[in-house]
Amino acid sequence: MDNGRFDVSLGPTPPVILRHRFDPPDNARLAHLCGPLDAHLRRIEQSLSVALVRRGGAFRVQGDKPAAEAALRLLESLYTRADAPIDDDALRLALLEAAPVHGRTPRPAPDRLVLHTRQAGLAGRTPNQVRYLQQMVAEDITFGIGPAGTGKTFLAVACAVDALERSTVQRIVLTRPAVEAGERLGFLPGDLAQKVDPYLRPLYDALYDLMGFDRVTKAFEKGLLEIAPLAFMRGRTLNHAFVILDEAQNTTREQMMMFLTRMGYGSKCVITGDVSQIDLPKGMVSGLVDAEQVLRRVQGIAFTHFTAADVVRHPLVARIVEAYDAAAPRKT
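Take the sequence shown: its position 73, counted from the start at 1, is 482 in this note's numbering, and no numbers get skipped.
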């Protein structure tokens with residue numbers, strides 16, 4: 410299939426006009442590309458701040474050069490996969506990858522990592538996610554800091570599963586502090602394991618998605634997987650393990666130092682958290698906030714900061730995060 414060529418004409422102002430023709434046009438693909446009543450084209454216009462005009466298989470895009478070029482690349486990419494209708498999730502993730510950032514359009518790194526998990530072809534969707542994965546491979550300790558829905562925990566677990574599959578580690582250890590989000594769960598019935606299970610449920614969910622229920626069950630039986638509250642880490646040395654501390658914003662300074670010093674030979678540590686959702690008692694300093702200040706210049710430790718632009722959940726989640734970020738300076 411000949412995708413034609415780009416014709417660029419510069420106007421008297423910075424915006425440019427780019428044209429592209431799919432020749433010969435495939436009407437079924439064009440219908441899937443444009444969406445019902447051109448709904449997909451309208452979303453592309455809104456997300457990339459461009460104007461789109463279509464006549465048959467010919468497209469005209471007007472806007473700032475980086476955005477217009479990103480829109481045309483996105484149209485080509487969507488057209489190649491439009492042998493079936495494009496659903497909202499696929500379009501949203503494609504828009505995240507295409508959106509210009511700070512005046513330029515990010516391109517996937519040539520060494521972009523693809524992880525070996527149950528979800529074939531799992532890779533970072535945004536530039537920050539790609540950087541996060543690269544840092545987890547390159548560095549012994551990696552911090553992922555940012556709002557909900559940015560993939561901090563899921564990608565960390567995916568990287569751990571990949572390392573276990575490749576036999577670069579012998580086990581995965583997942584932990585988090587048992588701090589309630591404004592609720593009191595201490596009087597729940599059951600033994601200790603049943604009481605802490607609600608805190609660890611997000612980690613179980615990620616494992617089930619990435620390995621499948623049967624494999625996760627067998628991995629626990631063989632000691633390849635371990636999930637425990639942070640308090641159980643004291644006094645241990647974790648060798649040849651991929652260790653993840655989730656919800657690290659709810660650690661104290663002492664707990665964070667205790668966790669980081671559990672690291673043994675052949676191990677990697679990933680610490681994830683959202684400093685906007687600290688549930689510690691008022692006046693207590695978060696161990697994650699403290700660690701970022703103390704360790705930022707330590708060799709072998711990397712930090713990735715996520716923003717609302719990295720949210721890959723429902724689109725409304727990103728808007729909620731942005732609204733709370735905007736309101737934060739007005740808090741008293």
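Cβ atoms here follow ideal geometry from the backbone N, Cα and C, with glycine treated the same way.
CA nearest to the CA of residue i, picked from the options
i, options, result
"T551", "L487, D473 and V652", "V652"
"M642", "L583, S456, H449 and L573", "L583"
"N537", "P433, N648, Q664 and T559", "T559"
"L502", "R585, G692, D473 and A532", "A532"
"A440", "P424, L481, L427 and T489", "T489"
"L669", "V707, Q686, R438 and A491", "V707"
"R464", "N436, I453, P445 and L483", "N436"
"D581", "E635, L704 and M620", "The displayed chain sequence assigns Ile, not Asp, to residue 581. The candidate whose alpha carbon is nearest that of I581 is E635."
"A628", "Q579, R585, E656 and L483", "Q579"
"A640", "P586, D688, G621 and P690", "P586"
"D734", "A493, G632 and P556", "P556"
"A448", "L427, D496 and P433", "D496"
Bounding residues of the alpha helix (DSSP H) (the contiguous stretch that carries residue i)
i, result
"E701", "G696 to L704"
"R624", "F622 to E630"
"P638", "First-last for P638: L634 to P638, but that is the beta strand (DSSP E), not the alpha helix (DSSP H)."
"F563", "K561 to E574"
"L669", "R662 to L669"
Distance cut-off 7 Å: residue i Cβ against heavy atoms of the ligand GTP
i, result
"V462", "This structure does not include the ligand GTP; it has no bound ligands of any sort."
Distance between beta carbons of residue j and residue i, contact taken as under 8 Å
i, j, result
"T562", "D719", "So it is not a contact: roughly 13 Å between Cβ atoms."
"Q743", "G682", "Residue 743 is absent from the model: the chain starts at 410 and stops at 741."
"K677", "D549", "6 Å"
"L487", "L442", "5 Å"
"V462", "R469", "4 Å"
"T713", "G553", "5 Å"
"V566", "L619", "6 Å"
"R438", "D492", "7 Å"
"H429", "L500", "Not quite, the Cβ-Cβ distance comes to about 18 Å (not below 8 Å), so this is no contact."
Endpoints, beta strand (DSSP E) assigned at residue i
i, result
"K677", "K677 to G682"
"A650", "A650 to L654"
"T551", "I550 to I554"
"A711", "I710 to H714"
"L542", "Unbroken run through L542 is the alpha helix (DSSP H), P536 to A547; no beta strand (DSSP E)."
"V721", "Neither: V721 is in no beta strand (DSSP E) and is coded neither H nor E."
"I426", "V425 to R430"
Residue-chain proximity (residue i, chain C), Cβ-Cβ < 8 Å
i, result
"Q702", "In the displayed structure, chain C is absent; only one protein chain is listed."
Check your understanding: When the Cβ atoms of the segment 448-461 are set against those of the segment 471-481, are three or more pairs found closer than 8 Å?
Key -> Judged by Cβ distances under 8 Å, the segment 448-461 makes contact with the segment 471-481, as three or more pairs qualify.
**Study point:** Touch test, the segment 665-673 against the segment 607-625, Cβ-Cβ under 8 Å, three pairs minimum
**Key:** Between the segment 665-673 and the segment 607-625 there are fewer than three inter-stretch CB-CB distances shorter than 8 Å, so the stretches are not counted as touching.
Exercise for review: Kindly confirm or deny that the segment 691-704 and the segment 563-573 touch, where touching means at least three C-beta pairs closer than 8 Å.
Suggested key: Flag = no, the segment 691-704 and the segment 563-573 do not touch.
Exercise for review: Pick out the complete beta strand (DSSP E) segments inside the segment 439-517, 3 residues or longer, and give them in chain order.
Suggested key: For the segment 439-517, whole beta strand (DSSP E) runs of length 3 or above, ordered along the chain, are 460-464 and 467-472.
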